[in-house]
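> Going left to right, the sequence shown walks through residues 1305 to 1422 as our numbering numbers them.
All residues carry an ideal CB built from backbone N, CA and C; glycine is no exception.
Let me give you the structure first, and then I'll get to my questions.
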Amino acid sequence: MYRGHPGMLAWVLHRITGLAVLLFLFAHIVETSMILVSPEAYNKAIELYRQPWFKPLEFLLVAAVLFHAGNGLMVMIIDFIPTPSRTYRRMFWIGAGVYAVLLVPVAYFMLGGLVGLR
Ligand code: HEM
């Protein structure tokens, strides 16, 4: 019934981004708490974050958080205000546009250094 509706895509992406951010949060807590047991292991983990190849992954994390937060707010609005499917479609595409525009400065600041833009 929902096949092809943007709401289905938003739902799938919401679940993927929610779980990905949760996974990162667990890993981040484990890695940060390592400072108590082994400062060397902690330093190794921090060194990983400084590698250039890690930057795109950091960018994906920010992109996932932004999507999840934005779509989450939209889900909450729709939960409280009954929205016809046609209106939701429009909201989805406006939201997708806002998201794409927001990602441009994020990409510039996070990845610009990798490609000599900053
Ligand atoms: C501004 C921040 C956030 C907002 C507004 C938000 C909003 C939401 C909403 C409304 C849902 C329910 C979606 C539905 O009923 O279809 C949800 C689900 C979820 N959120 Fe968030 N969330 C936020 C941050 C986070 C963070 C930081 C994490 C991870 C650490 C997270 C992980 C999840 C997960 C795993 C689900 C379940 C996804 C599913 O069952 O499909 N969320 N979020």
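For residue 1404 and residue 1322, I'd like the C-alpha separation in whole angstroms.
Translated into the one-based positions of the sequence shown, residue 1404 becomes position 100. Translated into the one-based positions of the sequence shown, residue 1322 becomes position 18. Taking the straight line joining both Cα atoms gives about 19 Å.
> Taking 7 Å as the line, does the beta carbon of residue 1376 fall inside it for any heavy atom of ligand 1?
Along the sequence shown, one-based indexing puts residue 1376 at 72. The answer is yes for residue 1376.
> What do you get for residue 1380, buried or exposed, if any count of 16 or more other CB atoms within 10 angstroms of its CB means buried?
If you number the sequence shown from 1, residue 1380 lands on position 76. Residue 1380 is exposed by the Cβ-count criterion.
> Hey, is residue 1367 close to ligand 1, as in C-beta under 7 Å from one of its heavy atoms?
In the sequence shown, the residue the question calls residue 1367 occupies position 63. No, since every heavy atom of ligand 1 falls outside the 7 Å radius drawn around the Cβ of residue 1367.
> Once DSSP output is grouped into helix, strand and coil, what is the label at residue 1387?
To locate residue 1387, count along the sequence shown from 1; it is residue 83. If DSSP states are grouped into helix, strand and coil, residue 1387 belongs with coil.
> Should residue 1326 be counted as a contact of ligand 1 given a C-beta to heavy atom distance under 7 Å?
For the purposes of this step, residue 1326 is taken as residue 22 along the sequence shown, with counting starting at 1. It does: the Cβ of residue 1326 is within 7 Å (strictly closer) of some heavy atom of ligand 1.
> Out of 1350, 1400, 1365 and 1310, which one is the CA nearest neighbour of residue 1414?
Here residue 1414 refers to the residue found at position 110 of the sequence shown. Comparing Cα positions, the closest option is 1365.
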